[in-house]
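Visitor: This is the structure I have questions about; it appears just below.
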Amino acid sequence: MNVTKVLDAKGLACPMPIVKTKKAIAEIESGQVLEIHTTDKGAVKDLTAWTESTGHELLKHEDDNGVLKFWVKKG
Amino acid sequence: MEKKKTTIVLFSGDYDKVMAAYIIANGAAAYDHEVTIFHTFWGLNALRKDEPIQVNKSFLEKMFGKMMPRGPEKMGLSKMNMAGMGPKMIKDIMKKHNTMPVKDLIEMAKEQDVKLVACQMTVDLLGFKQDEIIDGVDFAGVAAYLADAEDGNVNLFI
């Protein structure tokens with residue numbers, strides 16, 4: 001996957017992962033992909049809901065030894 | 076696309092409740108909502124500067140000022156306050172969990188263009204002077220709140 005930007009939000013608690021994601025996605029162009037790393041267990045539900053509501057696309061997510069990784073395509 | 080709106084009436088002056096309000100506000104701002112927090116009564120203490128400010132006040136206003144917390148970090152908890160032990164304990168735990176203190180959540184909200192409003196009527200009632208309130212706060216009344224709330228998608232009273 002062609003990732004434009006990687007956001008390291010590991011160790012941050014709610015609401016910071018979503019706040020940082022919003023900031024990071026503002027810095028890329030439509031169609032580009034943002035990769036997010038977080039350790040906040042609420043992030044799966046949070047980022048799924050957030051991408052749906054804000055018009056972006058959650059391409060996939062995975063759990064890499066406790067680090068949750070997300071790939072979001074900017075809408 | 077017109078932006079969605081979130082409005083929060085922050086009536087409470089407890090650390091935990093103020094924290095909840097500001098977490099929701101920051102989350103809503105990240106959701107691209109236009110966010111307004113309308114502070115009234117005890118919630119005004121969240122907007123108070125933490126240092127003493129020299130202002131002209133009546134005796135009663137001075138008493139009120141002394142009895143209320145100067146800024147969010149001096150607030151108690153709504154439950155398990157235990158004469159001030161509770162806030163100390165929870166702040167310790169918050170540090171371990173990397174949770175932002177309320178003071179920083181307020182800064183973050185300002186950075187995200189959350190509109191902070193102080194209810195002018197209760198500002199006067201509790202004897203606050205504008206100089207005691209942090210910068211970047213609007214002073215308004217119920218009509219200004221309703222103008223935002225009437226087309227709000229999320230309206231909360233905390």
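Just so you know, the protein sequences line up as chains A and B, in that order. Here the working numbering is used: the first residue of the first sequence is 1, the next is one more, and so on. Here the working numbering is used: the first residue of the second sequence is 76, the next is one more, and so on. A virtual CB, placed ideally from N, CA and C, is assigned to each residue, including glycine. On a predicted model such as this, the values are computed, not experimentally measured, just so you know.
#1: Mapping DSSP to helix, strand and coil, what is residue 135 of chain B?
#2: Beta-carbon within less than 6 Å of residue 230 of chain B's beta-carbon, same chain only, minus the 5 sequence neighbours each way: which residues are those?
#3: For residue 89 of chain B, which residues in the same chain have their Cβ closer than 7 Å to its Cβ, ignoring the five residues on either side in sequence?
#4: With a threshold of 8 Å between beta carbons, is residue 165 of chain B in contact with chain A?
#5: Go through its chain and collect everything with a Cβ distance to residue 93 of chain B's Cβ below 6 Å, but skip five positions before and after it.
#6: Please state the DSSP three-state secondary structure of residue 13 of chain A.
#7: Using a Cβ-Cβ distance under 8 Å, would residue 43 of chain A count as near chain B?
#8: In chain order, what are the residue ranges of uninterrupted alpha helix (DSSP H) at least 4 long that sit wholly in the segment 161 to 192 of chain B?
#9: What residues of chain B sit near residue 53 of chain A, judged by a beta carbon separation below 8 Å?
#10: Buried or exposed, going by whether 16 or more other CB atoms sit within 10 Å of the CB of residue 142 of chain B?
#11: Which chain B residues sit within Cβ distance under 9 Å of residue 66 of chain A?
#12: So for residue 231 of chain B, helix, strand or coil by DSSP?
#13: Report yes or no: do three or more beta-carbon pairs, one from the segment 34 to 51 of chain A and one from the segment 6 to 15 of chain A, lie closer than 8 Å?
#14: From which residue to which residue does the beta strand (DSSP E) around residue 82 of chain B run?
#15: Can you list, in chain order, the residues of the segment 6 to 26 of chain A whose Cβ is nearer than 8 Å to any Cβ on chain B?
#16: Taking 8 Å as the CB-CB limit, is residue 102 of chain B close to chain A?
#17: Is DSSP giving residue 111 of chain B helix, strand or coil here?
#18: Following the continuous beta strand (DSSP E) through residue 200 of chain B, name the residue where it begins and the one where it ends.
#19: 8 Å is my cut-off, CB to CB: does residue 173 of chain B come that close to chain A?
#20: Among residues of its own chain, excluding the 5 on either side of residue 139 of chain B, which ones have a beta-carbon nearer than 6 Å to its beta-carbon?
#21: So residue 94 of chain B contacts chain A; which residues on that side make the cut at Cβ distance below 7 Å?
#22: Since residue 80 of chain A and residue 31 of chain A should fall inside the 8 Å C-beta cutoff, what is the C-beta to C-beta distance between them, to a whole number of angstroms?
#23: When you compare only the Cα positions, how much space is there between residue 20 of chain A and residue 117 of chain B?
#24: With DSSP collapsed to three states, give me the class of residue 208 of chain B.
Guide: Let's see:
#1: helix
#2: 82 and 224
#3: 150, 151, 152 and 153
#4: no
#5: 121, 147 and 177
#6: coil
#7: no
#8: 177 to 186
#9: 106
#10: exposed
#11: The contacting residues do not exist; residue 66 of chain A stays about 15 Å from chain B at best.
#12: strand
#13: yes
#14: 80 to 85
#15: 11, 12, 13, 14, 15, 16, 18, 19, 21 and 22
#16: yes
#17: strand
#18: Here residue 200 of chain B belongs to no beta strand (DSSP E); instead the alpha helix (DSSP H) covers 195 to 200.
#19: yes
#20: 201 and 202
#21: In chain order: nothing, as chain A lies at least about 11 Å away.
#22: Coverage of chain A is limited to positions 1 through 75, which leaves residue 80 of chain A absent and any answer about it impossible.
#23: 30 Å
#24: strand
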